[in-house]
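For the sequence shown, our numbering gives the first residue as 192, with consecutive numbering after it.
For every residue, glycine included, the Cβ atom is placed at its ideal position computed from N, Cα and C.
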Amino acid sequence: MALYRVAIIGAGPAGYFAAQALNNISVSERSFAIDMFERLPTPWGLVRSGVAPDHPKIKTVSKVFEKIATGGNFRLFANVEIGKDLTVEQLQDRYDAVIIATGSSLGKSLGIPGENLRGSLSAASFVPWYNAHPDFTDVDVPMESDTAVVIGGGNVAMDVARMLALEPKELDPTDTADHAIDAFRNSKIRKVYIAIRRGPEHAAFTSPELRDLPKLEHTNVIINEDEINAAIARVGDTAEKDVKSNLDAMLSIAQNQKTEHDRTIEFLFSHSPKEIQGNKDVKDVVFSTANGEVTIDCGLVVSAIGYNALDIPGIPFEKGKVVNIDGRVKGNMYVVGWAKRGPSGVIGTNKSDASAVIELLNQDLSQPKNKDDISDLLKGKKVVTQKDWEAINAAEIAAGEPLSKPRRKGITWDDLMAHAEIYFF
Ligand SMILES: Cc1cc2nc3c(=O)[nH]c(=O)nc-3n(C[C@H](O)[C@H](O)[C@H](O)COP(=O)(O)OP(=O)(O)OC[C@H]3O[C@@H](n4cnc5c(N)ncnc54)[C@H](O)[C@@H]3O)c2cc1C
C-alpha cells in the first residue's frame, strides 16, 4: 500500500476533519502519515478560543479530535507558525499534499467613524479575551458604563451579548479565563443591546441558539413582538424552513418576556450603525433607522459582523478567503474550513466540507514523493508535540478540578509552555 505524507496547517475543526477524511481513505486504498502544524501551543482552534464557555457540550467534539490525534499516523507540531517558522513552500516541497485549515480570525470592521475609540472592539478580540487565547490577554474591555451595544445579527453577536449580560456566577463552573471572570464580576453593564442592520427575517442567528436564550436564569430577553409579526407577514408562507424556525423562536421570546431581572438583552432590528461618538472613550452609537436617527448611550461597543482570513505568505488570498476552486488551491495545496468558505457554518459543516476536498486530493495524487522528514527544518524550535499538549491538557484539567471547572486555562504563552515537556528539535 502506498504511503503519502500530508501536512495540515491549523489544528481547528477543519484540520482534524480533513485528517479524519484521510484516515477513511487509508482504510481502503492508500495510507497517510499526517503532520498537523499549529501556531499556538494548544490545538482545537475556535473550539477552544471561540465557542462560548457557557456552552460546554459543544466543546466535547474535542474528544473526536483527540481520537484522531492518537491514531498512530498523526504528529502534532504546535507552537509552529507556517509563514514564520516554516514556509508554505517548504511544506509543499516535503509533503505529497498540503492542506490549509487556518480559519479566519481577523474581525471585519464597520467602516464608520469612531471605531478606534477606547471601548469599541471587535468580537475577534473580545471573544478570545474571555476564552484565554494567549494573544488577547491584555485586551482593554471597559465595562464601567451600564450599557453595552453589540452590533451584528449572527450567533457570535448572540454569544457576546450573553457573556456581557450573564450573572457572572454562571461562569464560575466554566473554563472562562480568570481575568475575564474577574472583569465580568466588576462589570457595571446591566443592559445589552444587539443591534441588527436588517429585519428579523434576515438575521443569521440559528434557532437552537435563540431558543437557549430564555434559559438564562438572571437575564431578561426582550424582542418587540410587533416587529416579529410584521416580519412573519412579510415572508408569508414562502419562508425557508430556517427563517421560519428563527421567526418562531423570536416570537416565542417576544411573547414570554421576563422583566424581573436587573440584567437585560434587547434586540434592535433595522438599526444600521452610522457613527460611534466620544472623545477618547466611547460615549454613544448613532444608528439610522426607518424613523430617523437613534442614539444609544453606552461605554462599550462590540462589533460581530464577520471575519476575514489573515494572509499567510505563499498562499493566495482574495476577499478574506484562500483563492480556491472546490478546495483546490494550486499545485499540491488544498484548503478546508473557514479559510476556504469564509466564516460560515457550525463545527459539523467543516466535516462534510473537508470530506469533499479530501476526495479531490485523493483523485489528484500520483506517486508518493518520499522526501526527507520535516524535523531538520525545525532544529532549535520549541515544538509542542501531541505528548506535550497532553501534558498541558492534563495540567489545565487538574487545575480546574478543585474549582469544579472543566479546566482552568493557561493564560499566557509562558503558562502554556511551562506545562509542556518541550521537545527541542
Ligand atoms: C465566537 C465563535 C463562536 C462559535 N460557536 C460555535 C458553536 O457554539 N457551535 C458551532 O458548531 N460552531 C461555532 N462556531 C463556528 C466554529 O468555531 C467554526 O465552524 C470552526 O471553528 C471553523 O474551523 P476552522 O478549522 O476552519 O478554523 P479555526 O477553528 O479558526 O482553526 C484554525 C486554526 O489554525 C491556526 N492557524 C492560523 N494560522 C496559522 C498559521 N499560519 N500556522 C499554523 N496554524 C495557524 C489557528 O491558530 C487555529 O487553531 C463559532 C465561531 C466563533 C467565531
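Would residue i pass as a contact of residue j if the rule is Cβ separation under 9 Å?
{"i": "residue 551", "j": "residue 519", "result": "yes"}
{"i": "residue 222", "j": "residue 341", "result": "no"}
{"i": "residue 597", "j": "residue 366", "result": "yes"}
{"i": "residue 384", "j": "residue 456", "result": "yes"}
{"i": "residue 565", "j": "residue 285", "result": "yes"}
{"i": "residue 200", "j": "residue 293", "result": "yes"}
{"i": "residue 380", "j": "residue 337", "result": "yes"}
{"i": "residue 287", "j": "residue 541", "result": "no"}
{"i": "residue 469", "j": "residue 335", "result": "no"}
{"i": "residue 487", "j": "residue 273", "result": "no"}
{"i": "residue 253", "j": "residue 322", "result": "no"}
{"i": "residue 416", "j": "residue 442", "result": "yes"}
{"i": "residue 515", "j": "residue 454", "result": "no"}
{"i": "residue 549", "j": "residue 216", "result": "yes"}
{"i": "residue 297", "j": "residue 511", "result": "yes"}
{"i": "residue 527", "j": "residue 256", "result": "no"}
{"i": "residue 538", "j": "residue 347", "result": "no"}
{"i": "residue 480", "j": "residue 452", "result": "no"}
{"i": "residue 583", "j": "residue 568", "result": "no"}
{"i": "residue 300", "j": "residue 534", "result": "no"}
{"i": "residue 291", "j": "residue 197", "result": "no"}
{"i": "residue 378", "j": "residue 364", "result": "no"}
{"i": "residue 509", "j": "residue 305", "result": "no"}
{"i": "residue 213", "j": "residue 559", "result": "no"}
With DSSP as the reference, identify every bridge partner of residue i, one or two as the case may be.
{"i": "residue 519", "result": "516 and 525"}
{"i": "residue 198", "result": "226 and 289"}
{"i": "residue 269", "result": "229 and 575"}
{"i": "residue 508", "result": "513"}
{"i": "residue 342", "result": "386 and 494"}
{"i": "residue 408", "result": "Paired residues: none, contrary to the question."}
{"i": "residue 484", "result": "479"}
{"i": "residue 448", "result": "Its beta-bridge partners do not exist; DSSP assigns none."}
{"i": "residue 463", "result": "479"}
{"i": "residue 455", "result": "382 and 411"}
{"i": "residue 472", "result": "309"}
{"i": "residue 298", "result": "498"}
{"i": "residue 277", "result": "273"}
Applying the 10 Å Cβ sphere with the 16-neighbour rule, what's the burial state of residue i?
{"i": "residue 610", "result": "buried"}
{"i": "residue 464", "result": "buried"}
{"i": "residue 592", "result": "exposed"}
{"i": "residue 544", "result": "buried"}
{"i": "residue 547", "result": "exposed"}
{"i": "residue 440", "result": "buried"}
{"i": "residue 218", "result": "exposed"}
{"i": "residue 438", "result": "buried"}
{"i": "residue 595", "result": "exposed"}
{"i": "residue 192", "result": "exposed"}
{"i": "residue 401", "result": "buried"}
{"i": "residue 236", "result": "buried"}
{"i": "residue 229", "result": "buried"}
{"i": "residue 343", "result": "buried"}
{"i": "residue 331", "result": "exposed"}
{"i": "residue 339", "result": "buried"}
{"i": "residue 605", "result": "exposed"}
{"i": "residue 263", "result": "exposed"}
{"i": "residue 275", "result": "exposed"}
{"i": "residue 571", "result": "exposed"}
{"i": "residue 261", "result": "exposed"}
{"i": "residue 425", "result": "exposed"}
{"i": "residue 211", "result": "buried"}
{"i": "residue 589", "result": "exposed"}
{"i": "residue 521", "result": "exposed"}
Could you tell me how far apart the beta carbons of residue i and residue j are, in whole angstroms, since I believe they sit closer than 8 Å?
{"i": "residue 419", "j": "residue 391", "result": "6 Å"}
{"i": "residue 310", "j": "residue 492", "result": "7 Å"}
{"i": "residue 356", "j": "residue 602", "result": "With 8 Å as the limit, residue 356 and residue 602 do not qualify as a contact, their Cβ atoms being about 24 Å apart."}
{"i": "residue 498", "j": "residue 315", "result": "6 Å"}
{"i": "residue 243", "j": "residue 350", "result": "4 Å"}
{"i": "residue 270", "j": "residue 232", "result": "5 Å"}
{"i": "residue 587", "j": "residue 600", "result": "6 Å"}
{"i": "residue 267", "j": "residue 227", "result": "5 Å"}
{"i": "residue 431", "j": "residue 245", "result": "About 29 Å; that fails the 8 Å criterion."}
{"i": "residue 472", "j": "residue 333", "result": "7 Å"}
{"i": "residue 448", "j": "residue 423", "result": "About 18 Å separates the two Cβ atoms, so there is no contact after all."}
Just checking residue i against ligand 2 - is the residue's beta carbon closer than 8 Å to any of the ligand's heavy atoms?
{"i": "residue 476", "result": "Among the ligands in the structure shown, ligand 2 does not appear; only ligand 1 can be found there."}
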